[in-house]
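**Student:** Below you'll find the structure I mean.
Spelled out as structure tokens, the structure:
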């Protein structure tokens with residue numbers, strides 16, 4: 005569906021807050037008010053109106069409406085910009101899955117590749133990448149940043165309110181340079197994709213909670229578990245460089261799965 009006169013007809017650039025106006029009789033549709041004539045509740049965006057909805061005054065179809073004002077335009081444009089970047093990240097790792105990982109035992113085929121919760125963080129984009137074989141915190145360069153020179157395998161400690169986290173540098177063809185901190189691998193504890201993305205969103209929040217900082221004293225124990233775990237993962241996964249070792253995972257993932265941070269997945 006497109007709207008004449010609305011950002012060159014690009015429906016995906018109209019936010020849920022957009023107030024639309026009929027080009028024929030100038031009747032507005034304000035999502036904060038809805039439409040009593042068609043029993044449309046307040047809060048329904050213009051894009052979500054029924055396909056047969058028409059102007060309550062002159063019966064003009066939706067296509068004859070244009071934007072009068074859009075309070076959410078800036079945030080929508082930002083979300084679309086970030087979405088374009090994260091879609092390249094997802095495409096890179098879907099290619100890895102289809103080319104190398106599909107039949108590897110480490111893979112949980114109930115899951116898929118999805119970028120979760122990406123948003124600006126300083127001069128970077130921060131979010132979580134969920135895949136059938138790992139869940140990683142990911143840092144991507146934002147506008148004006150050039151990470152093309154990152155050296156694969158180099159480690160970097162990044163500070164957040166909850167503690168210090170070790171990220172590993174890498175590059176991919178479509179996304180270019182990125183930095184990754186492993187949270188989970190393998191992913192067999194997750195029975196549904198929604199379970200994994202729910203945990204990813206919870207991790208994204210917990211990363212910025214000061215109360216988690218005291219738990220970072222477990223760094224030595226986690227590092228030992230990490231080394232054993234990575235040895236096992238590397239034996240089964242050719243793409244190990246793209247699945248960096250877990251660092252301080254228990255700090256922000258504690259209590260979010262059924263197992264503790266142990267290399268064999270046991271809970272004892």
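Residue numbers (our numbering): 5 to 272.
Here a beta-carbon is modelled for each residue, glycine too, at the ideal position from N, C-alpha and C.
Assign residue 213 to buried or exposed, taking buried as 16 or more other Cβ atoms, counted over all protein chains shown, within 10 Å of its Cβ.
**Tutor:** By one-based count along the chain shown, residue 213 stands at place 209. Per the 10 Å Cβ criterion, exposed.
**Student:** Label residue 45 either buried or exposed according to how many other C-beta atoms from any shown protein chain fall within 10 Å of its C-beta, with 16 as the threshold for buried.
**Tutor:** Indexing the chain shown from 1 puts residue 45 at position 41. The residue is exposed, with fewer than 16 neighbouring Cβ atoms inside 10 Å.
**Student:** Hey, out of 133, 19 and 179, whose CA is closest to residue 49's CA?
**Tutor:** Position 45 of the chain shown holds residue 49. Taking only the C-alpha atoms, the option nearest residue 49 is 19.
**Student:** Taking the alpha carbon of residue 191 as the point to measure from, which residue in 139, 35, 127 and 143 has its own alpha carbon closest?
**Tutor:** Mapped onto the chain shown, residue 191 falls at position 187. When only C-alpha atoms are compared, the closest one is 139.
**Student:** Return the residue from the list 145, 168 and 100 that minimises the CA-CA distance to residue 1.
**Tutor:** Nothing can be reported for residue 1: it is not among the residues displayed for the chain, which extend from 5 to 272.
**Student:** May I ask you to verify whether the region 56-63 touches the region 83-94, counting CB pairs closer than 8 angstroms and requiring at least 3?
**Tutor:** Verdict: no, contact absent.
**Student:** Below 7 angstroms between beta carbons: does that hold for residue 132 and residue 141?
**Tutor:** Along the chain shown, one-based indexing puts residue 132 at 128. Along the chain shown, one-based indexing puts residue 141 at 137. Closer than 7 angstroms, so yes.
**Student:** May I ask which residues mark the beginning and end of the beta strand (DSSP E) holding residue 172?
**Tutor:** Taking the chain shown and counting its residues from 1, one reaches residue 172 at position 168. Residue 172 -> beta strand (DSSP E) spans 167-176.
**Student:** What runs of the beta strand (DSSP E), each 3 residues or longer, lie entirely inside the region 60-102?
**Tutor:** For the region 60-102, whole beta strand (DSSP E) runs of length 3 or above, ordered along the chain, are 69-73.
**Student:** On the three-state DSSP scale, how would you describe residue 203?
**Tutor:** Indexing the chain shown from 1 puts residue 203 at position 199. It is helical.
**Student:** Where residue 241 and residue 76 are concerned, what is the direct C-alpha to C-alpha distance, given to the nearest angstrom?
**Tutor:** Looking up residue 241 in the chain shown gives position 237. Looking up residue 76 in the chain shown gives position 72. Unreliable placement is indicated for residue 241, whose pLDDT of 46 sits below 50; no coordinate value is reported for it.
**Student:** Under the assumption that residue 112 contacts residue 136 (Cβ atoms under 8 angstroms), give the Cβ distance between them as a whole number of angstroms.
**Tutor:** Within the chain shown, numbered from 1, the residue matching residue 112 stands at position 108. Within the chain shown, numbered from 1, the residue matching residue 136 stands at position 132. Confirmed, about 5 angstroms.
**Student:** Give me, in chain order, the residues of the same chain whose beta-carbon lies closer than 7 angstroms to that of residue 89; leave out the 5 immediate sequence neighbours on both sides.
**Tutor:** For the purposes of this step, residue 89 is taken as residue 85 along the chain shown, with counting starting at 1. Excluding positions up to five away in sequence, the list reads 129 and 144.
**Student:** Could you round the C-beta distance between residue 121 and residue 204 to whole angstroms and report it? I think they count as a contact, below 8 angstroms.
**Tutor:** By one-based count along the chain shown, residue 121 stands at place 117. By one-based count along the chain shown, residue 204 stands at place 200. Correct: roughly 6 angstroms between the Cβ atoms.
**Student:** Report yes if the CB atom of residue 104 is closer than 7 angstroms to the CB atom of residue 70, and no otherwise.
**Tutor:** In the chain shown, residue 104 corresponds to position 100, counting from 1. In the chain shown, residue 70 corresponds to position 66, counting from 1. The answer is no: Cβ separation not under 7 angstroms.
**Student:** Have a look at 208, 61, 118 and 21 and flag the residue whose alpha-carbon is nearest the alpha-carbon of residue 31.
**Tutor:** Within the chain shown, residue 31 is the residue found at index 27, counting from 1. Nearest of 208, 61, 118 and 21 to residue 31, Cα basis: 61.
**Student:** In terms of residues, what are the limits of the beta strand (DSSP E) holding residue 139?
**Tutor:** The residue given as residue 139 occupies position 135 in the chain shown. Start and end: 139-145.
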